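Visitor: So the protein sequences, as listed, match chains G and H. Residue numbers for the first sequence follow our numbering, beginning at 35 and rising by one. Residue numbers for the second sequence follow our numbering, beginning at 4 and rising by one. For glycine and all other residues, C-beta sits at the position ideal for the given N, C-alpha and C. A quick note: this is a predicted structure, and the numbers were derived from the prediction, not measured.
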Amino acid sequence: MPEPMKHSAPEASSFAGALKSTWPILVALGALALVPTISAAIDNPFLIRLFTRAVIFAIVAVALNFVLGFGAMVSMMHAAFFGIGAYVVAILAFHDFDGAPLWIFPGTSNLAVAIPLAVLVAAFGALLTGVVSLRTSGAYFIMITLAFNQMLFYFFVALQKYGGDDGLQILADLNFAGLNISKRVTFYYVALGVLAASLIFFGRLVNSRFGVILRATAQNERRVVALGISPLRYKLAAFVISGAVTGLAGALWATGQQFVSPSDVSWVRSADYVVMAVLGGMARTWGPVFGAVVIVLLEALLPSATQFWQLPFGIIVILIVVYLQGGLADLFGRARPSSGGGR
Amino acid sequence: MSFSLFIEQLLNGVQFGVMLFLISAGLTLVFGIMNLINLAHGALYMSGAFIAAAMIKYTGNFFVAVVVAVVATAGIGAVMERLILRRFYARDHLDQVLVTFGLILVFNDLVRLVWGVVPVQLRLPGPFSGSVQLMAEVQYPAFRLVILAVGLLVALGLYFVVVHTRIGMWIRAGASNRPMASALGVDVGLIFSLVFAAGAALAGLAGLMAGAISSVQVGMGEPVLILALVVTVIGGIGSIRGAFLAALIIGIVDTFGRVLLPPALGSMVIFMLMAAILAWRPKGLFPVNA
Numbered sequence: 035m036p037e038p039m040k041h042s043a044p045e046a047s048s049f050a051g052a053l054k055s056t057w058p059i060l061v062a063l064g065a066l067a068l069v070p071t072i073s074a075a076i077d078n079p080f081l082i083r084l085f086t087r088a089v090i091f092a093i094v095a096v097a098l099n100f101v102l103g104f105g106a107m108v109s110m111m112h113a114a115f116f117g118i119g120a121y122v123v124a125i126l127a128f129h130d131f132d133g134a135p136l137w138i139f140p141g142t143s144n145l146a147v148a149i150p151l152a153v154l155v156a157a158f159g160a161l162l163t164g165v166v167s168l169r170t171s172g173a174y175f176i177m178i179t180l181a182f183n184q185m186l187f188y189f190f191v192a193l194q195k196y197g198g199d200d201g202l203q204i205l206a207d208l209n210f211a212g213l214n215i216s217k218r219v220t221f222y223y224v225a226l227g228v229l230a231a232s233l234i235f236f237g238r239l240v241n242s243r244f245g246v247i248l249r250a251t252a253q254n255e256r257r258v259v260a261l262g263i264s265p266l267r268y269k270l271a272a273f274v275i276s277g278a279v280t281g282l283a284g285a286l287w288a289t290g291q292q293f294v295s296p297s298d299v300s301w302v303r304s305a306d307y308v309v310m311a312v313l314g315g316m317a318r319t320w321g322p323v324f325g326a327v328v329i330v331l332l333e334a335l336l337p338s339a340t341q342f343w344q345l346p347f348g349i350i351v352i353l354i355v356v357y358l359q360g361g362l363a364d365l366f367g368r369a370r371p372s373s374g375g376g377r
Numbered sequence: 004m005s006f007s008l009f010i011e012q013l014l015n016g017v018q019f020g021v022m023l024f025l026i027s028a029g030l031t032l033v034f035g036i037m038n039l040i041n042l043a044h045g046a047l048y049m050s051g052a053f054i055a056a057a058m059i060k061y062t063g064n065f066f067v068a069v070v071v072a073v074v075a076t077a078g079i080g081a082v083m084e085r086l087i088l089r090r091f092y093a094r095d096h097l098d099q100v101l102v103t104f105g106l107i108l109v110f111n112d113l114v115r116l117v118w119g120v121v122p123v124q125l126r127l128p129g130p131f132s133g134s135v136q137l138m139a140e141v142q143y144p145a146f147r148l149v150i151l152a153v154g155l156l157v158a159l160g161l162y163f164v165v166v167h168t169r170i171g172m173w174i175r176a177g178a179s180n181r182p183m184a185s186a187l188g189v190d191v192g193l194i195f196s197l198v199f200a201a202g203a204a205l206a207g208l209a210g211l212m213a214g215a216i217s218s219v220q221v222g223m224g225e226p227v228l229i230l231a232l233v234v235t236v237i238g239g240i241g242s243i244r245g246a247f248l249a250a251l252i253i254g255i256v257d258t259f260g261r262v263l264l265p266p267a268l269g270s271m272v273i274f275m276l277m278a279a280i281l282a283w284r285p286k287g288l289f290p291v292n293a
C-alpha cells in the first residue's frame, strides 16, 4: 500500500473549524443514537430493524463514496463485496453448526475470528477484480464492475450446499469472543459505532497525502502521472480499502439478519448504493449517510403506500439525477469545490 | 460428450450468440456514437416480448404481432431518446447509469401494472412450435433454427448497411470521431435518433424471440443486459464486427461451460473470459476509436 496516512489532516486547523464543516453529520449520528430509545418509547421494534438496515447500508455508501466521489471510480460491484463479507460469516457459522470442516479449516461462530476473515476475503476479492477492472477507466470500468457483480451473484446462486437461490440461514449462535452482540439494541449500537469509525477513518484518509493523490487522479490523471506518481497503485489501494470496509458491513449484515441470500449480491443493490451516495452528496465523506437513510426509509414506506412502489422510486431517481446535482448534503451549504466530487 | 449432443449444444450456443448480438448491436452503437451507457436497453428487450405476446393474443397472427412489436419498440426507444436520454449525452457516465437505472425501475413497474406479475405465454404458430430432424439422432426445435436464421440475416443486413451505405458511413464516422463527423456536415442528431430507434427495434426483436423459447416476465431484460455489456466490452465499444464475434464467443462458451463444468464455475466462465481478454486487450478485440 502506498504511504500510510501519517501526515495529519491539514484541514483540522481548529476544533471550531472542524465542527463548522461537520455539524450536520454529528447531529445526524446523535439522532440515530436515539432510535432505540424512541423505538422502545413508542413500542415499535420495526423501527430499530429499519434503522439497523439504514446504518449498515450507510457504511457501504460511505465506503463506496470513497472510490466514487473522491476517486471517480463508478463501481457497480459493491454489493458483491458486501455479499462476500456476509457469506464468509454465514458459511463459517454453517460449518460450526454442522461440525464438518470447510476443506481443512473448522467453522466458527466467533465473530472475533469471522469478521476479520470476512474483511480479508472481501479485500482480496477487491484486489483481484480491481487489478483487472482498473486497467480500464470510465464507461469500461462501470460495465466491467457490473459484470463482476453478476459473476459473483451467479457464483452464490450456484452454491447449492449453502442454500443456492434460497439463501443461507445462520443457525449457530454468533458471538464476539463470547460476548453476545446479536441482541437487537446492542447490535444496533455496534453497527452505529462501526459507521462512526468508518466516517472518521475515511475522513482522515481523504485528507491524507494518499487521499490528496487519489482526488488529484480523479480530476486529472495525466497531471498526476506528469508529477511522477503512478496513479494505478493509489486507485487500486483505494478500491481494496473500500471493498474491505464494504465486506465489514456485509459481515455485520449477516450477523444482524442471521441470514444471507444472493439477493444481497444483486446488481440492483449495487446500483442502490450508488444512488445513496449520489443522493446524499459525493463531495463530503458523510454525505452518503443521508442518502442511505432516505433511500432505506423510502424503500420501507413506498411499498406500504402502493404495490407499484418501484415506479415512484424510479421517477425519484431520475429527478435526483436531473435536478439535485450536489446531493442532500448541499442543503447544509455547498462543499468546497476542491474535493472534486469526481465529476 | 457424444457427437450428437455436441452438435446440439453447438447450435444452442450459436443461437444464443446471435441473440446476444441482436441486443448488443444497438447497445454498442449507441455507446460508440453517443457515448451513452444505456442500462435501460434491457427494458426495450422486455417491452418487445410483452408487446408481441399481447398482440398474438389480440390478433392471433404471429407475423403481425412480430411487426407491431418491433415497430412499437422502436417507437418506445425513439420517445425515450427524445424525451430523456438526449439530455444526457453530454453528462458524465455516472449520471447516465443512474438515469437509465431509474428508467428500468419505471419500465418494470409499468409492465407489472399492465400485465401483472405472472409470466405471460408467447404462443408460437404451428410450423414453428415443432422440432426438426437434423441428423439421425439430432432433433432440434424449429423455432431455435428460425432464431438462428433471423439473427444471421440481421447481422448480414447490418453489415451491409454499416459498411456499404451512406448512412452506414455516417454511423461509422460518428462512432470513430463525433465532433469531426459533425463538422463535416453529418446531421449527428438525426443519426443519433435513427441508431437509437434501430437498436431498440433489434432489442425488441431479440426479446420476443427469447420470450417464445422461455417465458415473458418482468425483469427478463436485466441478466441479458449484463451479458450484452460483456459482449460490448469484449468486442470493443462501437464495433459491430467486434460485437458479432464476441456474441458468438460468449454464446458458445456459456453454453458449453454450463454443460461441461460444475455449476458454480460454469456460470462464471464467461466473466472470467472477459477478464482474461481485457487483461490482454483493455479496449476490447476491435477498438473503434483507439
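Less than 9 angstroms between the C-beta atoms of valine 17 of chain H and isoleucine 255 of chain H, yes or no?
Guide: Yes, these two residues count as a Cβ contact at 9 angstroms.
Visitor: Could you tell me whether the Cβ atoms of leucine 42 of chain H and leucine 106 of chain H are closer together than 9 angstroms?
Guide: Cβ distance < 9 angstroms, so leucine 42 of chain H and leucine 106 of chain H count as in contact.
Visitor: So, helix, strand or coil for methionine 110 of chain G, using DSSP?
Guide: Coil, per DSSP.
Visitor: Just to confirm my understanding: we take glutamine 184 of chain G, look at its own chain, exclude 5 residues before and 5 after, and list those with CB closer than 7 angstroms. What are they?
Guide: Trp301, listed in sequence order.
Visitor: Chain H partners of phenylalanine 182 of chain G, CB-CB under 7 angstroms?
Guide: Neighbours of phenylalanine 182 of chain G on chain H, chain order: Phe274.
Visitor: Which residues in the same chain as asparagine 15 of chain H place their Cβ atom closer than 6 angstroms to its Cβ, once the five residues preceding and following it in sequence are excluded?
Guide: Cβ within range, chain order: Thr258.
Visitor: Could you spell out the range, first to last residue, of the beta strand (DSSP E) harbouring leucine 137 of chain H?
Guide: Element bounds for leucine 137 of chain H: 134-138.
Visitor: For alanine 288 of chain G, I'd like the list of residues in its chain whose CB is within less than 6 angstroms of its CB, leaving aside the five on either flank, ordered along the chain.
Guide: Result list for alanine 288 of chain G: Ala120, Val123, Ala124 and Val294, in chain order.
Visitor: Measuring only between beta-carbons, confirm whether leucine 23 of chain H sits less than 9 angstroms from chain G.
Guide: Chain G contact via Cβ: absent.
Visitor: Counting Cβ pairs closer than 8 angstroms, one from the stretch 86-95 of chain G and one from the stretch 325-335 of chain G, do we hit at least three?
Guide: These segments touch.
Visitor: Terminal residues of the continuous alpha helix (DSSP H) containing valine 101 of chain G?
Guide: It spans 79-102 - the alpha helix (DSSP H) in which valine 101 of chain G sits, taken as one unbroken run.
Visitor: Take histidine 112 of chain G and list the residues in its own chain whose beta-carbon comes closer than 7 angstroms to its own, dropping the five residues that flank it on each side.
Guide: Excluding residues within five positions, the ones whose Cβ falls inside 7 angstroms are Val94, Leu98, Thr280, Ser304 and Tyr307.
Visitor: Can you look up phenylalanine 195 of chain H in the DSSP assignment and give me helix, strand or coil?
Guide: Helix at phenylalanine 195 of chain H.
Visitor: Check whether chain G comes within 9 angstroms of valine 17 of chain H, counting only Cβ atoms and requiring the distance to be less than that.
Guide: So no, valine 17 of chain H is outside the interface.
Visitor: So who's on the other strand from tyrosine 143 of chain H, going by DSSP bridges?
Guide: The partner list for tyrosine 143 of chain H (beta bridge, DSSP) reads H:Val135.
Visitor: Any idea what DSSP makes of glutamine 12 of chain H, helix, strand or coil?
Guide: The answer is helix: DSSP assigns glutamine 12 of chain H an H, G or I state.
Visitor: Could you tell me how far apart the beta carbons of leucine 297 of chain H and methionine 177 of chain G are, in whole angstroms, since I believe they sit closer than 8 angstroms?
Guide: Residue 297 of chain H is absent from the model: chain H starts at 4 and stops at 293.
Visitor: Taking the straight line between their C-alpha atoms, what separation do you get for phenylalanine 24 of chain H and phenylalanine 80 of chain G?
Guide: Answer to the nearest angstrom: the Cα atoms are 47 angstroms apart.
Visitor: Say whether chain G places a C-beta atom closer than 9 angstroms to the C-beta of leucine 97 of chain H.
Guide: Yes, leucine 97 of chain H lies at the interface with chain G (some Cβ there is under 9 angstroms from its Cβ).
Visitor: For phenylalanine 19 of chain H, which of helix, strand or coil comes out of DSSP?
Guide: Looking at phenylalanine 19 of chain H - three-state DSSP - the assignment turns out to be helix.
Visitor: Within its chain, find whatever has a CB closer than 7 angstroms to the CB of threonine 62 of chain H; leave out the 5 residues flanking it on each side and keep chain order.
Guide: Within the same chain, threonine 62 of chain H has close Cβ partners Ala68.
Visitor: Anything in chain G within Cβ reach of proline 182 of chain H, meaning under 8 angstroms, just list it in chain order.
Guide: Within 8 angstroms Cβ-Cβ: nothing; proline 182 of chain H doesn't reach chain G, min ~18 angstroms.
Visitor: What does a CB cutoff of less than 8 angstroms around alanine 176 of chain H pick up in its chain, not counting 5 residues either side in sequence?
Guide: Contacts found: Met183, Ala184, Leu187 and Val189.
Visitor: Buried or exposed, going by whether 16 or more other CB atoms sit within 10 Å of the CB of glycine 374 of chain G?
Guide: With a pLDDT of 40 at glycine 374 of chain G, under the threshold of 50, the predicted position of this residue should be treated as unreliable, though the coordinate-derived value follows. It counts as buried.
Visitor: Assuming contact is defined by CB atoms lying nearer than 9 angstroms, are leucine 113 of chain H and methionine 83 of chain H in contact in what I supplied?
Guide: No; because the gap between Cβ atoms is not below 9 angstroms, this pair is not in contact.
Visitor: What residues of chain H sit near tryptophan 301 of chain G, judged by a beta carbon separation below 8 angstroms?
Guide: What tryptophan 301 of chain G touches in chain H: Glu225 and Ile229.
Visitor: Give every residue of the same chain whose Cβ lies closer than 8 angstroms to the Cβ of isoleucine 72 of chain G, excluding the five residues on either side of it in the sequence, and list them in chain order.
Guide: So the qualifying residues of the chain are Leu81.
Visitor: Give a yes or no on whether the minimum CB-CB distance between aspartate 112 of chain H and chain G is below 9 angstroms.
Guide: Closer than 9 angstroms to some Cβ of chain G, the Cβ of aspartate 112 of chain H qualifies, so yes.
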